[in-house]
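In UniProt numbering, the protein residues as written are 1 to 513. Here a beta-carbon is modelled for each residue, glycine too, at the ideal position from N, C-alpha and C. These figures come from a predicted structure and were not determined experimentally. What follows is one structure encoded as structure tokens, with my remarks underneath.
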């Protein structure tokens, strides 16, 4: 498909009078006109090579340079501008499991919000070492887009290749665990490099103290371990004057109403100065609330005396389910971490959240002090906003005083409705099929009848396909009661009054309602 579309573009280009332009050595030719650059007919090839020997061919749409790092994957369907600018991806080659990437283009990367933060990105630029996609869309259409994803990657000199079977690559990583890899171009050999041996937190942290929301009533010290911009936005939105400090800054003597530790990439154990400073806070008489996010959960745990470990398969995506252990409330969360906190916690601490999928720790809390942390991203971007309320809980801790715990300010879980026993359902069928009409309409109704019968639920079928009813074998595939009536409000109401079903199932043919 890609080749057909490219050839079509070339023909259209010739018809509109485009001219030839010089190209690099790996390209034969391409066409251009002032202000517009078209995709080359022949893209430069490259390979993604894993340390287990796996090698896959792809085609460059980013900066044509070899790079090595840790190969990881993200299962999110969208939000790639926020994902690739997340500092937690520093040193990593990101595989996008979603097949189509780039159709939303790239936003204005120079735009700033009222706080002076990048308006559409989660940091000041792309943080991934490289990008792997299956189907790259050079043509984009989004109201915020100002350029293509490929142009953005080239501007920031980040290599990226498409045409890679990213779902197969994802399965390899899932089955064998996260591993080192490299994007290699011909004539540019590179060695495998383990970024987790470097202090990546130091590389992405701010170098100077910065203040956001100056004049706001609540002073929050935010320790930058690779903090995402939306964390700062959400703090300021709730009335915080945010003092952003470097990862190794001595904040133990600062005056503040609350402290937040957020970010970032790599092995948290390498951030020893930060661990020591947090330990001083935890062991002191100070009881201003402490809130950790992502790496902040790991740093807080290490400071308390817990241990961390590298996960064989990291949690990166927008659909990770977690369970609040204190009230059994479940949430869908955005996550991006390759290290986890050991479930064995020191005295005075207990787990707050757990991952429903792999049972790894997703949060901790102190039993008597206002200290808590979560492994997931309540600030999302991208992802679900289910747990943004934790910022409200943090500020509630600040307002309530220093002798409270996180459980006292968490919202009460919603009441769960009692399960309704279903003994009879009304199925609105597809009706008669005309010549040339797809038979799947009737097939869906038949499968619904079968499924209900397997659960010992009586079925009332209305507006059936006559032929199928006459030929259905008696038993699982046969509805208990059949009404040969059109689906109109009047007739449906009459059948409901007569049969009193507990539920209603809409067949594919019921779209005329």
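>> Is it the case that the segment 373-388 contacts the segment 329-345, given that we only count it when at least three CB pairs across the two stretches are under 8 Å?
In response: yes
>> What does the Cβ neighbour count give for residue 118, buried or exposed, with the cut at 16 atoms within 10 Å?
In response: buried
>> Let me check understanding here. Comparing Cα to Cα, which of 268, 281 and 106 lies closest to residue 250?
In response: 281
> How should residue 500 be labelled, buried or exposed, when 16 other C-beta atoms within 10 angstroms of its C-beta is the threshold for buried?
Replying inline: exposed
>> Am I right that residue 326 and residue 352 are in contact with their C-beta atoms under 8 Å? What's the rounded C-beta distance?
In response: 7 Å
>> Going by C-alpha to C-alpha distance, which of 267, 233, 236 and 288 sits closest to residue 253?
In response: 288
> For residue 316, which beta-bridge partners are listed by DSSP?
Replying inline: 336
> Could you give the distance in angstroms between the alpha-carbon of residue 62 and the alpha-carbon of residue 132?
Replying inline: 10 Å
> Would you call the CB atoms of residue 221 and residue 259 closer than 8 Å?
Replying inline: yes
> Leaving out the 5 sequence neighbours to the left and right, which residues in its chain are closer than 8 Å to residue 165 when beta-carbon positions are compared?
Replying inline: 56 and 134
> How is the beta strand (DSSP E) around residue 295 delimited, first residue to last?
Replying inline: Note, residue 295: premise wrong, no beta strand (DSSP E); alpha helix (DSSP H) at 295-304.
> Which word fits residue 104, buried or exposed, when buried means at least 16 other C-beta atoms lie within 10 angstroms of its C-beta?
Replying inline: buried
> Among 404, 315 and 274, which has the Cα closest to the Cα of residue 368?
Replying inline: 404
> Which whole-angstrom value is the C-beta distance of residue 161 and residue 65, which I expect to be below 8 Å?
Replying inline: The Cβ separation is near 12 Å, so there is no contact.
>> Checking the sheet assignment: what are the DSSP bridge partners for residue 74?
In response: 96
>> Can you give me the C-alpha to C-alpha distance between residue 179 and residue 154, rounded to a whole angstrom?
In response: 26 Å
> By DSSP, does residue 412 sit in helix, in strand, or in coil?
Replying inline: coil
> Less than 8 Å separating the beta-carbons of residue 348 and residue 295?
Replying inline: no
> Quick one: what's got a C-beta closer than 7 Å to residue 342's C-beta in the same chain, skipping five residues either side?
Replying inline: 306, 307, 308 and 309
> Taking C-alpha atoms, which residue in 266, 491, 54 and 359 lies nearest to residue 86?
Replying inline: 266
>> Report the CB separation of residue 231 from residue 293 in whole angstroms; it is logged as a contact under 8 Å.
In response: 7 Å
>> According to DSSP, residue 259 sits in a beta bridge with which residue or residues?
In response: 221 and 290
>> So residue 413 and residue 320 are supposed to be a Cβ contact under 8 Å. How far apart are they, rounded?
In response: In fact, because the Cβ distance is near 19 Å, the residues do not count as touching under 8 Å.
> With a cut-off of 8 Å, do at least 3 Cβ pairs link the segment 180-187 to the segment 64-84?
Replying inline: yes
> Which residues in the same chain as residue 493 place their Cβ atom closer than 8 Å to its Cβ, once the five residues preceding and following it in sequence are excluded?
Replying inline: none
>> In chain order, what are the residue ranges of uninterrupted beta strand (DSSP E) at least 3 long that sit wholly in the segment 130-175?
In response: 130-132, 145-147 and 160-162
>> Which of the three DSSP states is assigned to residue 241 in this structure?
In response: strand
>> Rounded to the nearest angstrom, what separates residue 398 and residue 257 at their Cα positions?
In response: 6 Å
> Span of the alpha helix (DSSP H) holding residue 496?
Replying inline: 489-499
> With distances taken between CB atoms, is the gap from residue 224 to residue 200 smaller than 8 Å?
Replying inline: no
>> Does the contact criterion of 3 or more C-beta pairs under 8 Å hold for the segment 140-150 versus the segment 182-192?
In response: no
>> So within the segment 186-223, which uninterrupted alpha helix (DSSP H) runs reach at least 4 residues, ignoring any that extend past its ends?
In response: 200-204
> If you count every other CB in all the chains shown that lies within 10 Å of the CB of residue 233, and 16 or more means buried, which is it?
Replying inline: buried
>> Let's see if you can read the secondary structure: which residues bound the beta strand (DSSP E) around residue 528?
In response: It is not possible to answer for residue 528, since the shown part of the chain is limited to 1 through 513.
> Can you tell me whether DSSP reads residue 89 as helix, strand or coil?
Replying inline: helix
> Going straight from the alpha carbon of residue 202 to that of residue 192, what length do you get?
Replying inline: 22 Å
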